[in-house]
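*Asks:* Encoded as structure tokens, here's the structure I'll be asking about.
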Amino acid sequence: MARVFVSHSANGDPYAASVRDAVEARLAADGHSPLVDRNLIHPGDRWRATLLNWLGTCDAAVILITDKAEDSNWVRAECTILGWRAWLNPSMRIVPVLLNEGASSAVLETLGLTPVAMREIQVLKVDDLTGHDPATVAEAVGDCFEGYRVSLHDKDPMVKWRVRVERHLDDNMFLEDAALRLGIHDDDIKAGESLSTWVADRLLQSEAVPIEQAVDELIMDPRFAQWMGSFAPLISCAWLPAEMADKLFAVAADQSGRRVAWATVARPTTAGRLLRRITCCDTRYTIVGPVSAAGTGSGDHAELVDRYAGAILKAIGAYTEADWPSAYASLQKSKSKPVFVLLGEDALEAGVLTPLVARFQGLVFFCSGPVRDLRPEHAVELTPPLPADREAEGGSVADRIETLRNETDVRAP
37 MARVFVSHSA NGDPYAASVR DAVEARLAAD GHSPLVDRNL IHPGDRWRAT LLNWLGTCDA
97 AVILITDKAE DSNWVRAECT ILGWRAWLNP SMRIVPVLLN EGASSAVLET LGLTPVAMRE
157 IQVLKVDDLT GHDPATVAEA VGDCFEGYRV SLHDKDPMVK WRVRVERHLD DNMFLEDAAL
217 RLGIHDDDIK AGESLSTWVA DRLLQSEAVP IEQAVDELIM DPRFAQWMGS FAPLISCAWL
277 PAEMADKLFA VAADQSGRRV AWATVARPTT AGRLLRRITC CDTRYTIVGP VSAAGTGSGD
337 HAELVDRYAG AILKAIGAYT EADWPSAYAS LQKSKSKPVF VLLGEDALEA GVLTPLVARF
397 QGLVFFCSGP VRDLRPEHAV ELTPPLPADR EAEGGSVADR IETLRNETDV RAP
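In case it helps, my numbering puts the sequence shown at residues 37 to 449.
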């Protein structure tokens, strides 16, 4: 049976509250474990930590949407995080329910559930049902989960990411201090759960400043060097906004031909870190580049294009460009994941990007800034852009971690 997170904003809306209660009862009657903040979060609990834990561990979700949902910052956050998880694991079932006429597809887009993102997610509209009473709505929701019994925890990339972080944290003598920095206390931890689980959740979805403080505690451990190499890429971009992840995956799934995305970042290394975190370090995603432009003449686009082409072919497993279609098809059959190409600062020219997009259709090109002379309709900016101070805060965490990792590599025999 599934642990089903129920997202709602029922304050001041008796009908929405009644539907929430009916959905909870129906899911429980079907043998599922509904996660509803009204019942499972008690006075004195730190509700933010609990909700983040649920969002990181649930097997499925129901999102109850009213015309007021877009005014709720938490509903918006829940939608973007759940959408991110659904992109990473398409088998995760998410059921948005439009409860009234004002809860239109436009509201879904405002919440971050874009038409592309929703292409394989069933949306229930109360107006399309035979009745509006809560029991009828709950029955329709329950029907959406018929036969949904298998736990996702053995294959969900975000859950795998959390487990990997937990394993690193479990053996760390400064874990409790790090938890305090992230606002986690002993009474937050429920029976049968570990402190490392909660720290992993907060490292995934918290803000840069508390993460940096927590990392300060973690790296004091003298044993830190032993697992730096594998731990560093896991958390070096933990300050990622979920909206960025949803937007990039929407670009990857877009059939209209827009296969270029860019993020407004100030640091050359940020784009790669963003991409690793967006994919939760899932090795099924192929990431190419960036490629060095050293030795190419100023404005020599052809040479740089050829270098990127060579790197792409090598990553795909094609010996020549003639082998590209079959090699790419084989890779998609085995992994079924987008292939990303990271463009460095020297490649942010239409003269470099345009021929690459034409030659390697289907790939997603991710840039660390807008591409000069490229028409706006050919690229998508990942929003919201990272404020410079937030990028600097998150980047300083990453830089400190990677510096320690490099020092460890030098000392290693």
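Using N, Cα and C, we set each Cβ at its ideal position, and we do this for glycine too.
Taking C-beta to C-beta, are LEU367 and ILE352 nearer than 8 Å?
*Replies:* In contact: LEU367 and ILE352 (Cβ atoms closer than 8 Å).
*Asks:* Look at the Cβ atom of ILE130, then the Cβ atom of ALA97, and state whether they are nearer than 8 Å.
*Replies:* It is a contact, given that the beta carbons lie within the stated cut-off.
*Asks:* Do the CB positions of THR459 and ALA52 come within less than 8 Å of each other?
*Replies:* The requested residue 459 does not occur in the structure, where the chain is confined to residues 37 to 449.
*Asks:* Specify whether the stretch 355–370 and the stretch 404–419 touch according to this definition: at least 3 beta carbon pairs, one from each stretch, less than 8 Å apart.
*Replies:* No: the two stretches stay apart, fewer than three of their Cβ pairs being nearer than 8 Å.
*Asks:* For SER370, which of LEU135, ASP290, MET37, ARG320 has the nearest alpha-carbon?
*Replies:* The residue with the shortest Cα to Cα distance from SER370 is ARG320.
*Asks:* Out of GLU182, LEU91, ALA358, ALA105, point me to the one whose CA is closest to GLY67's CA.
*Replies:* Taking only the C-alpha atoms, the option nearest GLY67 is GLU182.
*Asks:* Hey, quick one: how far does the beta strand (DSSP E) through THR322 stretch, first residue to last?
*Replies:* That run of the beta strand (DSSP E) goes 322–324.
*Asks:* Quick check on the DSSP output: the beta strand (DSSP E) that includes ALA297 runs from which residue to which?
*Replies:* Element bounds for ALA297: 296–298.
*Asks:* Just to confirm before moving on: does the CB-CB distance between ALA299 and VAL287 stay below 8 Å?
*Replies:* No, they are not a contact pair.
*Asks:* In the DSSP assignment, find the unbroken beta strand (DSSP E) run with CYS403 in it and report its ends.
*Replies:* Segment 400–403, the beta strand (DSSP E) holding CYS403.
*Asks:* Does the Cβ-Cβ distance between LEU118 and LEU91 come in under 8 Å?
*Replies:* Going by C-beta atoms, LEU118 is nearer than 8 Å to LEU91.
*Asks:* Leaving out five residues on either side along the sequence, give the residues of the same chain with a beta carbon under 7 Å from the beta carbon of LEU216.
*Replies:* Nothing meets the Cβ criterion.
*Asks:* When you compare only the Cα positions, how much space is there between TYR184 and ASP290?
*Replies:* Near 28 Å, if we compare the C-alpha coordinates of ASP290 and TYR184.
*Asks:* Whose CA, out of VAL388, LEU392, LEU384, lies closest to the CA of GLY405?
*Replies:* Ranking the options by Cα distance to GLY405, first place goes to LEU384.
*Asks:* Quick one, which of GLY387, SER45, GLY331, SER328 has its alpha-carbon nearest ASN109's?
*Replies:* Cα-wise, what sits closest to ASN109 is SER45.
*Asks:* Please say whether VAL72 and VAL457 have beta carbons closer to each other than 8 Å?
*Replies:* Nothing about residue 457 can be read from this structure; the chain reaches only from 37 to 449.
*Asks:* Would you list the one or two residues that DSSP bridges to ILE7?
*Replies:* An answer regarding residue 7 cannot be provided, because it is not within the stretch 37 to 449 covered by the chain.
*Asks:* Which stretch, first to last residue, makes up the beta strand (DSSP E) that contains PRO70?
*Replies:* PRO70 -> beta strand (DSSP E) spans 69–71.
*Asks:* What is the rounded straight-line gap between the Cα of SER22 and the Cα of GLU202?
*Replies:* Here the chain has residues from 37 to 449 only, and residue 22 is not among them.
*Asks:* Using only alpha-carbon positions, find the residue among VAL59, ASN136, ASN89, ALA345 that is nearest to ASP49.
*Replies:* ASP49 has its Cα closest to that of ASN136, out of VAL59, ASN136, ASN89, ALA345.
*Asks:* In three-state terms, what does DSSP make of VAL416?
*Replies:* VAL416: strand per DSSP, three-state reduction.
*Asks:* Within 10 Å of its beta-carbon, does ASP192 have 16 or more other beta-carbons around it, so buried, or fewer, so exposed?
*Replies:* Buried is the call here.
*Asks:* Go through its chain and collect everything with a Cβ distance to LEU134's Cβ below 6 Å, but skip five positions before and after it.
*Replies:* Counting only Cβ-Cβ distances below 6 Å, and skipping sequence neighbours, we find ILE101, LYS161.
*Asks:* What does PHE376 pair with, by DSSP beta-bridge criteria?
*Replies:* Looking at the DSSP assignment, PHE376 forms a beta bridge with ILE323, VAL400.
*Asks:* Return the first residue and the last residue of the alpha helix (DSSP H) that ASP57 is part of.
*Replies:* Start and end: 50–65.
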